[in-house]
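Asks:
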Amino acid sequence: MRVRQIRDALLKTPVGLLGLLSLAAQVVLSVWVVVSYPDDFGNRVWSNPIHWVDNPKAAPPAWIGRVDNQPRADHWQTVRGEPETVEEKGRNLIASWNIPYIVEEGAVPAFLALTVRDVRFEERAPLLALTLIRPDETRVSVLRHAVRGPREGEEGPYERHFDDPLRIQLSADESTLSSLQEFLAEEYGLQMDAEEIRPRVMDILFGVPDAAGDGFAPMSGEYTFLFQTATRVEGDGIGSVELVAGGDAFGRMGTDSIGRDLAQGLLYGLPTALVIGVVVALLSTSIGTVLGMASGYLGGAADTVIQRLSDIVANIPVLPLLIFLLFIIGPNLTVIIGILIAFSWPGLAIQVRVMVLHMRSSQLIEAVQSLGSSRWRVMYRHILPQIMPYFLAQIIFTAPSAILAEAGLSFLGLGDPSIPTWGQILEAGFRTGGVYVGYWWWIVPPGLLIVLVASTFMLLSLAIEPVVNPRLRQTRRAD
Amino acid sequence: MRNLIPLAVRALTMVGVFFVVLLLLVLTLGLTGFSDRILSSVVGEQIRVERTTLAETIRDPDELERVLAARKAELESFYGLDIPWQRRLPASVFRVMRLDLGEARSLRSFAGSSRIADIVLERLPNTILLMTTSTVIVALTGLAGGLYVATRPGSWIDRLVSGLAAVTYAIPTWWIGILLILVVSVHWRLLPSGGMYSTPPPEGGWLRFADLARHAVLPVLSMVLVSVGPYMYAVRTITLNIAQEDFVGMARARGLSEIRVRNAHILRVAAPPIVTGLIFGLAGSLSGSILIETVFNWQGMGRLYYDALAGTPDEGVIVALTFMFTLMYVAIRLLLETLYIFLDPRVSYAD
Chain A
1 MRVRQIRDAL LKTPVGLLGL LSLAAQVVLS VWVVVSYPDD FGNRVWSNPI HWVDNPKAAP
61 PAWIGRVDNQ PRADHWQTVR GEPETVEEKG RNLIASWNIP YIVEEGAVPA FLALTVRDVR
121 FEERAPLLAL TLIRPDETRV SVLRHAVRGP REGEEGPYER HFDDPLRIQL SADESTLSSL
181 QEFLAEEYGL QMDAEEIRPR VMDILFGVPD AAGDGFAPMS GEYTFLFQTA TRVEGDGIGS
241 VELVAGGDAF GRMGTDSIGR DLAQGLLYGL PTALVIGVVV ALLSTSIGTV LGMASGYLGG
301 AADTVIQRLS DIVANIPVLP LLIFLLFIIG PNLTVIIGIL IAFSWPGLAI QVRVMVLHMR
361 SSQLIEAVQS LGSSRWRVMY RHILPQIMPY FLAQIIFTAP SAILAEAGLS FLGLGDPSIP
421 TWGQILEAGF RTGGVYVGYW WWIVPPGLLI VLVASTFMLL SLAIEPVVNP RLRQTRRAD
Chain B
480 MRNLIPLAVR ALTMVGVFFV VLLLLVLTLG LTGFSDRILS SVVGEQIRVE RTTLAETIRD
540 PDELERVLAA RKAELESFYG LDIPWQRRLP ASVFRVMRLD LGEARSLRSF AGSSRIADIV
600 LERLPNTILL MTTSTVIVAL TGLAGGLYVA TRPGSWIDRL VSGLAAVTYA IPTWWIGILL
660 ILVVSVHWRL LPSGGMYSTP PPEGGWLRFA DLARHAVLPV LSMVLVSVGP YMYAVRTITL
720 NIAQEDFVGM ARARGLSEIR VRNAHILRVA APPIVTGLIF GLAGSLSGSI LIETVFNWQG
780 MGRLYYDALA GTPDEGVIVA LTFMFTLMYV AIRLLLETLY IFLDPRVSYA D
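Taken in sequence, the protein lines are chains A and B. The opening residue of the first sequence carries number 1 in our numbering; numbering runs sequentially from there. The opening residue of the second sequence carries number 480 in our numbering; numbering runs sequentially from there.
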């Protein structure tokens with residue numbers, strides 16, 4: 001058996017080809033992810049709740065609407081810079097932005113948030129106002145806000161919200177509540193107190209009282225958000241205004257309970273999973289091969305020690321020990337990989353030794369040795385090439401178990417928090433109870449991806465199995 | 480008699496496993512300074528408590544500090560903090576080996592005891608129940624299925640089993656468990672999503688048993704779904720390999736019936752590796768149970784791991800559990816392998 005046979009088995013059987021293509025696609029995608037994602041994606045982006053604050057929480061993927069045909073508001077987000085009009089009104093300059101927003105099929109957004117950045121003024125702090133003009137021409141004043149004025153001892157020009165944007169969650173803002181209270185009383189003669197309004201701010205903003213009089217019917221059509229600032233002098237004003245209408249669905253893969261875009265986390269998990277699988281498989285098989293060759297070729301005390309050690313390590317219950325070690329040393333991906341390597345080599349060491357013993361007594365090796373080849377030369381030139389196929393087979397076979405082991409540890413909460421993995425996404429979904437409320441988009445995709453990557457390696461090992469284990473090939477041929 | 484030497488080697492290996500794990504535990508606890516940190520925090524906590532009580536009787540602050548310092552030195556020598564960990568930890572290993580596992584910080588047994596030994600021993604039967612049930616089901620279906628498939632190599636059902644084995648090898652058991660919860664418990668509302676009994680548990684032996692069985696269906700199913708394919712495939716492959724041997728061809732050539740060839744010749748040789756595989760499977764399901772018990776909130780030793788890791792981690796419980804899992808693993812392996820040798824005198828461990 002030669003390495004060439006393995007290559008043929010991979011390239012010329014449908015199973016092998018499928019495995020190789022799948023692996024190649026994963027590698028290409030991984031390279032793209034590694035190049036395009038920021039270096040500290042885990043700490044700065046994924047584990048940073050502020051980064052996800054404008055996303056809807058626990059929203060299913062956007063394509064779900066095409067499957068179940070239920071009206072859902074799309075996630076909507078817009079940023080505007082320069083104002084559309086500026087007019088003088090008394091002593092003030094009024095800058096206005098008209099931002100259209102469409103409600104279709106009565107799909108009311110889940111929340112509404114306003115973010116204002118980079119406010120600058122010479123003397124008097126600007127006033128901000130947001131008005132919602134509805135399809136039936138009624139106007140709701142959603143917000144009036146005065147930017148913080150000069151502090152004692154502070155010199156102008158003044159700058160506000162440069163590093164910390166002014167973000168107002170309108171669906172939960174107290175001043176929005178009271179202006180809605182006024183609006184309901186004036187427009188519909190409805191008296192509601194703040195506590196009654198609080199849970200239905202969005203229904204009131206985007207609806208009209210229904211016939212029964214106890215709820216609000218959504219009103220579809222074209223809305224306009226009118227955002228205005230009142231300033232004193234030319235040059236005062238804001239850098240940008242951002243409006244977010246939270247959707248009932250989000251992106252390609254939905255979001256988790258703190259609004260993280262699952263598509264990003266799932267993509268990021270791919271290179272990590274491949275690295276774990278390949279590094280653990282490569283290093284542990286190398287260690288196993290070297291120790292097995294040493295054991296078989298050197299014999300004597302070295303053989304006994306290596307074989308007893310292999311036997312013991314092969315029989316250690318790994319998961320409890322992994323949990324213990326990670327708990328003590330701390331969750332760190334390098335440590336996880338290191339421990340997995342330390343426990344994965346013995347199987348091959350035992351197997352390789354048997355093969356070396358077999359070969360050592362072969363006539364070829366005896367002849368080469370009697371011609372004066374050194375031990376190392378014999379090992380390197382004559383024994384290693386014969387072991388190579390097993391080495392390759394073992395790499396392919398070890399990779400999926402390493403990936404599954406890391407996923408299991410992450411699921412127990414022992415994953416490296418600075419590097420998000422699929423196991424950690426599943427852990428978050430399980431720990432926060434996402435399973436029990438049926439957030440399938442949070443639970444199914446990460447598991448499927450683990451299975452996809454692991455089964456790619458299984459396909460490869462299925463393809464080369466007849467080469468490594470020729471007896472089975474006979475069996476299959478016979479039938 | 481010829482089996483006693485290989486058996487002794489197996490036994491020595493398992494004892495070796497046990498001591499290597501203990502050594503790893505001690506070295507990790509000692510070298511990382513973890514043991515010192517934990518004991519110092521225990522002493523600190525005790526001193527803080529005593530300071531408040533002593534402050535009521537001793538008014539002079541200097542006197543109070545002096546008494547507390549003496550008390551602290553006393554406690555440190557009691558816990559062995561005044562000697563290096565290389566000398567202290569072996570002593571605690573011997574304590575642990577006598578199953579004196581210490582006290583849990585916040586976890587309690589169902590009866591309310593905080594002794595870790597009580598907590599673990601109470602949960603041990605639950606783990607064993609889950610493990611043995613699923614292993615027996617896997618063994619029976621795997622054996623029957625594997626032997627059947629072996630009579631039809633190359634058929635569609637054979638390819639199906641091979642494919643199933645490869646795919647299930649790539650599926651995390653615990654994820655299957657979560658999927659089952661999502662579909663069967665949450666979506667269809669057919670079976671409970673976790674726990675061992677309903678609240679309140681039904682009265683009466685049979686009702687209680689039926690309730691337990693209902694709660695066990697999903698965890699057992701997830702373990703069976705993932706293990707049965709590979710086991711079936713292993714049984715099939717071992718049987719097929721032996722069917723290729725010359726002596727089987729000889730038996731056929733002698734005109735023996737196919738059934739007789741299978742039962743008397745193939746199976747007799749195939750039995751030892753098949754059973755060995757099962758033993759490994761049973762011992763391996765011990766690890767699998769940690770994750771499955773976590774998913775289904777099954778009150779066994781595995782779920783205890785998760786509970787000890789979550790929130791403020793309970794170091795004592797984690798050390799004790801790692802020890803107990805290793806002990807159980809070694810004990811199960813030794814017991815089964817010995818039993819196996821004495822039950823079937825034809826079996827030899829010699830290669």
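Just so it is clear, CB atoms sit at the ideal spot from N, CA and C, and this is done for glycine as well.
When you compare the CB of G438(A) with every CB in chain B, is at least one pair closer than 9 angstroms?
Replies: Yes, contact with chain B.
Asks: For G239(A) versus N55(A), is the C-beta spacing smaller than 9 angstroms?
Replies: No, these two residues do not count as a Cβ contact at 9 angstroms.
Asks: Can you tell me where the alpha helix (DSSP H) with M694(B) in it begins and where it stops?
Replies: Here residue 694(B) is His; the residue named in the question, Met, does not match the sequence. Here the alpha helix (DSSP H) through H694(B) covers 684-722.
Asks: What does V435(A) touch in chain B if you count any residue whose Cβ is under 8 angstroms from its own?
Replies: By Cβ distance, chain B contributes I657, I660, L661, V665, S672.
Asks: Where does the unbroken beta strand (DSSP E) through P100(A) begin, and where does it stop?
Replies: 92-103 is the extent of the beta strand (DSSP E) around P100(A).
Asks: At 4 residues or longer, what runs of the alpha helix (DSSP H) sit wholly inside the stretch 119-197 of chain A?
Replies: The qualifying runs are 174-188, 194-197.
Asks: Could you please give the first and the last residue of the uninterrupted beta strand (DSSP E) stretch that includes G251(A)?
Replies: Taken as a continuous stretch (DSSP letters only), G251(A) belongs to no beta strand (DSSP E), as it is neither H nor E.
Asks: If the cut is a Cβ gap below 8 angstroms, which residues of chain B does I464(A) touch?
Replies: Within 8 angstroms Cβ-Cβ: nothing; I464(A) doesn't reach chain B, min ~12 angstroms.
Asks: Tell me the rounded alpha-carbon separation between F497(B) and P698(B).
Replies: The alpha-carbon atoms of F497(B) and P698(B) are separated by roughly 29 angstroms.
Asks: Using a C-beta to C-beta distance shorter than 9 angstroms, which residues of chain B count as neighbours of A407(A)?
Replies: Near A407(A) (Cβ distances below 9 angstroms), the residues of chain B are P651, W653, W654.
Asks: Taking the C-alpha atoms as reference points, what is the distance between I395(A) and V354(A)?
Replies: Between I395(A) and V354(A), the C-alpha separation is close to 19 angstroms.
Asks: For G254(A), I'd like the list of residues in its chain whose CB is within less than 6 angstroms of its CB, leaving aside the five on either flank, ordered along the chain.
Replies: A59, P60, P61, L262, W441.
Asks: Tell me where the beta strand (DSSP E) around L243(A) begins and ends.
Replies: Taken as a continuous stretch (DSSP letters only), the beta strand (DSSP E) holding L243(A) covers 240-245.
Asks: Under a CB-based cut-off of 9 angstroms, is T817(B) close to chain A?
Replies: Chain A contact via Cβ: absent.
Asks: Using 9 angstroms as the threshold, is the C-beta distance between I341(A) and V435(A) below it?
Replies: No, the pair does not count as a contact, with Cβ atoms beyond the cut-off.
Asks: Where does L114(A) sit, in a helix, a strand or coil, going by DSSP?
Replies: If DSSP states are grouped into helix, strand and coil, L114(A) belongs with the strands.
Asks: Does any residue of chain A have a CB that is nearer than 9 angstroms to the CB of F804(B)?
Replies: F804(B) counts as touching chain A.
Asks: Does any residue of chain B have a CB that is nearer than 9 angstroms to the CB of L291(A)?
Replies: Taking Cβ atoms only, chain B never reaches closer than 9 angstroms to L291(A), which makes this a no.
Asks: Whose Cβ in chain B lies nearer than 7 angstroms to the Cβ of P317(A)?
Replies: Result: L765, S766, F804, T805, Y808.
Asks: Contact defined as beta carbons within less than 8 angstroms: I believe E122(A) pairs with D236(A). What is the distance between those atoms, to the nearest angstrom?
Replies: Sure, about 6 angstroms apart at Cβ, within 8 angstroms.
Asks: Does any C-beta atom of chain A lie closer than 9 angstroms to the C-beta of F726(B)?
Replies: Judged by the 9 angstroms Cβ criterion, F726(B) is not in contact with chain A.
Asks: Under 9 angstroms between C-beta atoms, does P836(B) make it to chain A?
Replies: The displayed coordinates of chain B run from 480 to 830. Any statement about residue 836(B) would go beyond what the structure contains.
Asks: Under 9 angstroms, Cβ to Cβ, is there at least one residue of chain B near A393(A)?
Replies: No, no contact with chain B.
Asks: Along chain A, in chain order, which residues have C-beta atoms closer than 7 angstroms to that of F775(B)?
Replies: In chain order: nothing, as chain A lies at least about 11 angstroms away.
Asks: In whole angstroms, what is the alpha-carbon distance linking L384(A) and V617(B)?
Replies: Distance between the alpha carbons of L384(A) and V617(B) is about 39 angstroms.
Asks: How long is the line joining the alpha carbons of R715(B) and V646(B), rounded to whole angstroms?
Replies: Whole-angstrom Cα-Cα distance: 17 angstroms.
Asks: So what does DSSP say about K89(A), is it helix, strand or coil?
Replies: Strand.
Asks: Run through chain B and tell me which residues come within less than 9 angstroms of V451(A), C-beta to C-beta.
Replies: Those within 9 angstroms of V451(A) in chain B are V646, A649, I650, P651, W654.
Asks: For my contact list, P331(A) and G415(A) are in at a C-beta cut-off of 8 angstroms; report their separation, rounded to the angstrom.
Replies: Right, the Cβ-Cβ distance comes to about 6 angstroms (below 8 angstroms), so this counts as a contact.
Asks: Can you tell me which residues form a DSSP beta bridge with Q77(A)?
Replies: Paired residue(s): V244(A).
Asks: Buried or exposed: where does W564(B) fall if 16 or more other Cβ atoms within 10 Å of its Cβ makes it buried?
Replies: Flag for W564(B) reads buried.
Asks: Looking only at its own chain, which residues have a Cβ that is under 6 angstroms from the Cβ of T475(A), when we skip the five neighbours before and after it?
Replies: Its pLDDT being 36, under 50, T475(A) is placed unreliably by the model, and the measurement read from it follows with that caveat. Excluding positions up to five away in sequence, the list is empty.
Asks: Whole beta strand (DSSP E) runs in the stretch 370-414 of chain A with 3 or more residues, listed along the chain?
Replies: The stretch 370-414 of chain A contains no whole beta strand (DSSP E) run of 3 or more residues.
Asks: Identify every residue that forms a DSSP beta bridge with Q70(A).
Replies: In the DSSP output, where bridge partners are listed per residue, Q70(A) has none listed.
Asks: Buried or exposed: where does S370(A) fall if 16 or more other Cβ atoms within 10 Å of its Cβ makes it buried?
Replies: The residue is exposed, with fewer than 16 neighbouring Cβ atoms inside 10 Å.
Asks: Within 10 Å of its beta-carbon, does M729(B) have 16 or more other beta-carbons around it, so buried, or fewer, so exposed?
Replies: Per the 10 Å Cβ criterion, exposed.
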